[in-house]
Amino acid sequence: MINKIEENVKILLKDIFKNGDTIISYRNSGTPEIKTPLFIRNKNDIDFLTIDNFNVNNLSVYLSKFEQGEIGLAKNNGRIIITAKPCDAKSIIQMISDEQIDKERIVLVVYECDGVIDLKKLSRLTGELRQVDANEEYVNFTKLNGETGKINLNSVLLDKCLEGNCGLPYFYNYYFVGNEKSFKERIIKRSKPHKLIIQTLKDKKELKQIVENEISKCIRCNACRNICPACFCSDRCVFDKPKLPVELLEKDVSLTENVLFHLIRFYHVFPNCTGCGECERVCPQGIKLNIFYKYINEIISTEFGFTPGSTDSARQPLLSYRLGEDLV
Amino acid sequence: MKTNNLYIPLPSEIVEIKEQGTNIKSFLVKLPKEINGSEIMPGQFFEISVFGQGEAPISISDVFINNNTLLFCVANVGTVTEKLHSLKAGSIIGIRGPFGNGFPMSSFKGKNLILLGGGIGLAPLRAVASYFFDNVESFGKLELLYGARSSKDLIYKDELKQWRLKANTIVKISIDKPEKDWKGNVGFVTSFLDPNFADRSEILFNNDKEFKETKLIICGPPPMINTTIKTIEKLNFPQQEVFIALENRMKCGMGKCGHCNIGSKYVCIDGPIFTLSELKQLPKEF
Amino acid sequence: MAGKNLVYLFLCRAKERKRLIEKINNKYPNIRVVDIGCSGRFNPEYALKLINKGANGVLILGCTPADCIYREGSLISERRLFLAKKILSGFGLNEEKLQVMWHKINEIEPVLKEIDKFMNEVTAIKDKEGVEKV
Amino acid sequence: MEQYRLAKSELKSFLELLKEDYQKIIGPGVDEEDRSIFKEITNINDLKLEKTLPLKPPKEFLFPQKDNLFNFSCKENTIEINVKDTTEKQVLFALRPCDLTAINYSDTFFKNNLLDNYYSQKRENTLIIGIACEYPSNKCFCTSMDISPASSNGADIFLTNGGSFFLTEFISEKGNLIKEKLKSILTESVQEDNSLKEKIDKNTRSLLLEEFNLKKVRENLEKAYTSEDTWKKYSDACIVCGACTFDCPTCTCFDVNDSFLEKDTGIRYRTWDSCSFYNFSLHASGHNPRGRKVDRLRQRIMHKFNYTVKQFNLWSCVGCGRCIAVCPVGINTRSIVKDFEEALNEDK
C-alpha cells in the first residue's frame, strides 16, 4: 500500500514544485535497508524519492535548525516541502507551536504509514542483506549468500509503531490516506495505544541500576542531541560554548559527566519531546533513552494535561504557571 | 629537549608581566634548564600550560640566553589565555616545546628581510628581528611593515622606537582607521605593498625592484593573510620567497591530535611556517 | 569538585536578607549562600549538576508570591523546579535533595527552622546513601 | 612461519594458557540485546565468532576514549607532575583483517617521528590474535582497500577456520615467544591446510555488496576538492554528530583538557575528538577554516582516501563499514567514494 502512495506523492510534488523551493524527502543510500534524506532543488530529482517502510528518519530535524545553517540548510527564500509520517508531523507541529519554524513557509505532505522497520530487529532476524523490500504484511529479503526469505512486518517494526500512539496530525497541507480498509484498521489500532515499559520504573534502586549500566555505555558522540527535533539550539548548545569561564559539562567521559549530559539535555527537551524515538534509534551504543522520555512525558500529561505536538499553538507548561498549584 | 614523554610540561616561573595593548600582555618566563635556549628558532612556538585550565600554543617572541628567559606575548581571547592574564609575576606555569619548524634563518643569510605583521602578529616577528640584530653583518636590510586595528593595539611600542635607530633597519607602522593624535600612516598593512601608496615599502620599490634579494615574512590573522596573498600575487613576488606563519587551532603541538591538519600537512610539525608555494598546494583551510 | 557534603542555598534579594545570611553562615559552616536576585531566575541545571556531582543538597529561598517585588518571580520557577525534581528521581538521584521554600522578606526564625529541618533530612539521606561519588 | 592446528575443543585451554601471561583477554561477544561488541572474555561461551563485526572498534583498548596524561598538584611555588604507567597485559582475540590493518595504521601514526608514550606502552603490552573473516556485512568494502579477508598482516598469531580446527600461524616474534607454551595443545598442520585461506578469501569476497577501484578514487579526489555539489549531495543530510569518527577504528584525533579534582590537584586527560564538531578547528579569534559542515565531511573523506597516503603511504580507511552502519542519517562513505570513482562531474 505504501509504495502505491509513492507514485501519488511524486505526481503531487511535480506539480506544486516551484523554483527556489526545497523538497526534503528520502532516497536509497548504498545499503539496501538504509534510507538517507534527500534534498531536492530541481524538478527532475523528484524521481529519486522513495516512500516505503524503511523511511525511519525524522526529517523535521532539518526544519528545526533550518535558519541556523549548521545542521539545517542555508537560508533560501523559497518554501520547504517536506514529506512526513504522522509521527514526524507531530514533531513539526510542536516546533511550530515553539515558534521555531513559521507555518507559511512549510508545505507539510503527510502520508499514512503502516509502521517503519527497526533495523536492529531486522538484522537480528535476517542477518546481512543483499536486497530487501516490504509491503503491508511481509518483508521479502535476499541474504548476502543469495538465500531468500520472508518475515512478518509486525515482527520488525519500531516499538513506537507497535504502541500505535502516532495519532492523526493536527494540521497538514496534503494527506495521503492509502486505501480505505488499511486506514480504518490503523485508526482502530491507534485508538487504544498500549504502554510498553512505563509501569516498571517506580522503585528507585532499579532506576539507579538502569541509569548506571545504560548511561555508562555512552560515548558522548552527540548523535542523540543533533538528531533530536526538539533540541533545536544544537548549533549554539551550552555544551559547545568554547569560552565559558566554568564549563557546565566537562569533556571527560566518566559516568558522572555522561549522566549530567543526559540530565541537562533531558531537562531542556522534555517539554517539547513528542516521543519520536530517534534518540534511541541512532545511539551507536544502543542506550534505551526512551525509558526516560516516556517516564517524564507521562508526568507532564497527568500533572499539566499537556502532550507535545498535539496542537500548533499550545503554550507549554514551563512557560506558564497557575496560582494555587503549590507543587513545590 | 629529550624528556621521554613530550606531553609533560616543564614548570617555569613568570618573571615579569607587561601590558602591551588592549588585553594583550607580554610574559617573561624562566627558561627551564632541560630546554637548550640556543636550539630555539624564531617562528617556533611553545605550549603554555595554565594548570587546571589547559594549554595554549604561543609563538616565541624573544629568547634571552644570558639571563635564561623567554618572552611570550599573549592576547586574552580564550579560557586559557584569560586565566594566564589573571596570574601575577612569580606564579608557576608549564611550558612544553619548542615545536614547529620555525623560519629557515640560515637560508635568509645575505638577503633583505621584510617583516609584515598584523596586530599581535608582531610577536613572532620580533624573534626574527632580534636574530637579525644579533647577526646584522650576515644580512641585507630589514624592513618592518606593521599594522594594527588602532594605536592601542600596537604592541612592543618602546622596542619599535629603538629599532628605528638601528643600522639598515626601516620601521613603518600604520593603523586601520584615522585617530585624533595619530600622525603616522592610516590604512591596512597591505597598503605598504601597494606601489602608489605614499609610504610604500622601500626595499620592494627602490633597493630590490626585481625581488631577487628579498624574503617576505608574514604573520597575522587569517583575513590579513588572505588579502596579503592577493596583493603579493599582483606584484608577482616570487612565491617560494614568501614565508607565512599560520595560526590554526592546536592542542598537542606534536602532530598527533589532528586539530591543525590541513591537507596532508600538520601545521604544528610541518609548519607553522609555510612558503606561499607550499600553501598553494594545500586546501585553503587556515 | 562540587562540594563534598556541602549544601547550596540560592536566595533572592540578598541585600535585604543580610541578617539572615549572617545567622546562616555562623550556624552552618557547610552551607554556601548564593545570591541569585530572584528565585525565578534560578536555572535548575545548576541544581542538576550539583546534586549529580554529589553535593548534599540544594535549597532555594524565594519570596511568597504576594511579597514578590517582581510579581511572579517565584511562581515562574514553581513548575520548573517541580519537574526538575521529577527528572532527578527519573535518573535515580534523590529528589528530596532539592527543596524550595517561600518566605516573606523579613522573616528570619521560620527560615532558620526550615533550614534545620532540611539539613537533618539531607544528612539522613547522606548516611543512607553511604559515600558520595564525585 | 610455521603452521599448526588448534582443535576447536582445545580453544578453552588455549585461552587459559594465554591467561597465565596476559591478565585480560578481549574478544568478540554479545551484549544483553545480542549486539556484537568487544568485551572481556572470562569464559569460553562469552566468545561469539559467528557474528558480524562489533560496532565499537578495538581501538578503545589501545587508545581509550579517556586517557589520563598526568596528575598535577600545585604546591606553593612548585608543580608536581606524575604519570601512571600501565603495566596490564592484554590479548585482543579474534580481530579481523580490517581491524588488524587499522591497528597497523594507528601504530605507524602514533610512533611516527614524535613518539606517543601512552599508546605505545599499551601497544607493547598487547598481543594481537587475528582471525580470517567469514561473516562480512553489506556495509563492508575491505577488498576495495586491497585488504584480503584472510590476510594475516598486523597479527602476532593468526587463526583460520578449518571446520573442526583453527589453522594457527605464529607470525611476529611476540607470537613466537609464547609458541613453546602453547605447543602442548597444537597438532601438526597438513599440506592441504594451505588452501584454507584462499577458500575463505574467495567465499567472503563473493559476499561483499560492491567494490570500487582505489587508485582511480585517489586520483579523482586530487581534483575533487572544489566540486562542491557532489560533496553537498551528502553533507546536506549530515547532522555533524561524532558517531562516524568515534566508531572508526583508524580515527585518532583527540582533545586535551584539564580538570581540578581537589583544591589544587587535578588531572590533564585526553578524550576522543571528532573533525565533524564545529569547535574542532575553531580559532580563538572566532575564525573557523572549516565552518560549514560540507568542509568537515570533505575533510573526513579526503583525509581517509587521500591525505594520509601522502603522509604515511598507508590508507587510513580499512573498509570495515562501521561509519555506514552507525550514521544516524544513512550517509554512505562507500557511495561517496564511488561517486568520485567515475569521471569527475563537470562542476569542477
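Residue numbers (our numbering), protein chains in the order written: chain B, 1 to 328; chain H, 1001 to 1286; chain Y, 2001 to 2134; chain S, 3001 to 3348.
Using N, Cα and C, we set each Cβ at its ideal position, and we do this for glycine too.
If you count every other CB in all the chains shown that lies within 10 Å of the CB of residue i, and 16 or more means buried, which is it?
i, result
"N1135 (chain H)", "exposed"
"S60 (chain B)", "buried"
"I1060 (chain H)", "buried"
"I187 (chain B)", "exposed"
"I1065 (chain H)", "exposed"
"Q209 (chain B)", "exposed"
"L319 (chain B)", "exposed"
"E3346 (chain S)", "At E3346 (chain S) the pLDDT is 46, less than 50, meaning the model places this residue with poor confidence; the figure from the coordinates comes in the next sentence. The residue is exposed, with fewer than 16 neighbouring Cβ atoms inside 10 Å."
"G146 (chain B)", "exposed"
"K1002 (chain H)", "Caution applies to K1002 (chain H), whose pLDDT of 42 falls short of 50 and renders its modelled position unreliable; the model cannot decide the point."
"I2108 (chain Y)", "exposed"
"V2033 (chain Y)", "buried"
"I378 (chain B)", "The shown model of chain B, from 1 to 328, leaves out residue 378 (chain B), and the question about it has no answer."
"P330 (chain B)", "No answer is possible for residue 330 (chain B): it lies beyond the span of chain B, which begins at 1 and ends at 328."
"L119 (chain B)", "buried"
"I1120 (chain H)", "buried"
Of the residues the options, which one's Cα is nearest the Cα of residue i?
i, options, result
"G1090 (chain H)", "H:E1202, H:S1201, H:K1030 and H:K1234", "H:K1030"
"F1099 (chain H)", "H:E1159, H:G1037, H:Q1044 and H:S1264", "H:Q1044"
"L1160 (chain H)", "H:Q1020, H:V1015, H:Y1007 and H:I1008", "H:Q1020"
"H1085 (chain H)", "H:L1145, H:L1028 and H:K1180", "H:L1028"
"V116 (chain B)", "B:Q285, B:P284, B:L323 and B:E278", "B:E278"
"I3267 (chain S)", "S:F3038, S:F3305 and S:F3072", "S:F3072"
"G2040 (chain Y)", "Y:K2023, Y:C2012, Y:K2053 and Y:L2059", "Y:C2012"
"E214 (chain B)", "S:E3050, S:E3032 and S:Q3191", "S:E3032"
"G127 (chain B)", "B:N57, B:T148, B:N42 and B:E298", "B:T148"
"D3236 (chain S)", "B:I16, B:I23, B:N44 and B:K85", "B:I23"
"I3114 (chain S)", "H:S1264, H:N1261, H:T1275 and H:C1252", "Reading the sequence as shown, one finds Leu at residue 3114 (chain S) and not Ile. Looking at the Cα atoms, H:C1252 is the closest of the given residues."
"P2029 (chain Y)", "Y:F2042, Y:L2048, Y:Y2008 and Y:N2043", "Y:Y2008"
"A3007 (chain S)", "S:G3162, S:E3134 and S:C3320", "S:G3162"
"V2949 (chain S)", "S:T3308, S:T3108, S:A3243 and S:K3293", "Missing from the structure shown is residue 2949 (chain S); chain S here goes from 3001 to 3348 and no further."
"C3238 (chain S)", "B:P37, B:R225, B:K85 and B:A89", "B:P37"
"I40 (chain B)", "B:G309, B:K14, B:K90 and B:N55", "B:K14"
"A84 (chain B)", "B:E99, B:E112, B:K103 and B:D102", "B:E112"
Which residues share a DSSP beta bridge with residue i?
i, result
"V2033 (chain Y)", "Y:L2009"
"S3259 (chain S)", "S:I3267"
"E1013 (chain H)", "H:I1092"
"L3095 (chain S)", "S:G3130"
"R27 (chain B)", "B:T36"
"G1021 (chain H)", "H:I1024"
"I1217 (chain H)", "H:L1115 and H:F1243"
"P3028 (chain S)", "S:F3038"
"T22 (chain B)", "B:I80"
**Item:** Entirely enclosed alpha helix (DSSP H) segments - the region 191 to 274 of chain B, minimum 4 residues
**Value:** 204 to 215, 223 to 227 and 255 to 269
**Asked** In chain order, which continuous runs of the beta strand (DSSP E) of length 3 or greater are located wholly inside the region 1052 to 1114 of chain H?
**Response** For the region 1052 to 1114 of chain H, whole beta strand (DSSP E) runs of length 3 or above, ordered along the chain, are 1054 to 1064, 1069 to 1075 and 1092 to 1099.
**Request:** Please go through the region 2029 to 2115 of chain Y and give each complete beta strand (DSSP E) segment of 3 or more residues, from N-terminal end onward.
**Result:** 2031 to 2037, 2057 to 2062 and 2098 to 2102
**Prompt:** Three or more C-beta pairs closer than 8 Å, one from the region 3082 to 3091 of chain S and one from the region 3125 to 3137 of chain S: is that the case here?
**Reply:** Yes: the two stretches touch, three or more of their Cβ pairs being nearer than 8 Å.
**Prompt:** Which of the residues in the region 3271 to 3282 of chain S, read from start to end, lie with their CB under 8 Å from any CB of chain C?
**Reply:** Going by chain labels, chain C is absent from the structure shown, which instead holds the protein chains B, H, Y and S.
**Message:** Runs of 4 residues minimum, wholly inside the region 90 to 115 of chain B: which ones carry the alpha helix (DSSP H) assignment?
**Reply:** none
**Asked** Contact between the region 3262 to 3279 of chain S and the region 1223 to 1232 of chain H: three or more CB pairs below 8 Å?
**Response** In the pairwise beta carbon analysis, the region 3262 to 3279 of chain S is classified as not touching the region 1223 to 1232 of chain H: fewer than three pairs are separated by under 8 Å.
**Message:** Report the start-end ranges of each beta strand (DSSP E) in the region 3103 to 3147 of chain S that is 3 residues or longer and not cut off at the edges.
**Reply:** 3126 to 3131
**Request:** Could you pull out every unbroken alpha helix (DSSP H) segment of at least 4 residues lying fully inside the region 3177 to 3236 of chain S, listed in chain order?
**Result:** 3179 to 3182, 3195 to 3207, 3214 to 3223 and 3228 to 3235
**Request:** Check whether the region 3048 to 3060 of chain S touches the region 223 to 239 of chain B, taking contact to mean three or more Cβ pairs, one atom from each stretch, closer than 8 Å.
**Result:** no
**Request:** Check whether the region 3066 to 3081 of chain S touches the region 213 to 231 of chain B, counting contact only when three or more Cβ pairs, one atom from each stretch, lie closer than 8 Å.
**Result:** no
**Request:** Could you tell me which uninterrupted beta strand (DSSP E) segments, each at least 3 residues in length, are contained entirely in the region 1224 to 1284 of chain H, listed from first to last along the chain?
**Result:** Look at the region 1224 to 1284 of chain H and you find these whole runs of beta strand (DSSP E), each 3 residues long or longer: 1242 to 1245 and 1273 to 1275.
**Item:** Complete alpha helix (DSSP H) runs within the region 117 to 156 of chain B (minimum length 4 residues, chain order)
**Value:** Here the runs fully enclosed are 119 to 126.
**Request:** Specify whether the region 76 to 96 of chain B and the region 245 to 260 of chain B touch according to this definition: at least 3 beta carbon pairs, one from each stretch, less than 8 Å apart.
**Result:** Verdict: no, contact absent.
**Prompt:** Three or more beta-carbon pairs under 8 Å between the region 3201 to 3209 of chain S and the region 3280 to 3297 of chain S, yes or no?
**Reply:** no
**Request:** Please confirm if the region 1213 to 1230 of chain H is in contact with the region 3245 to 3261 of chain S, defined as three or more CB-CB distances below 8 Å between the two stretches.
**Result:** no
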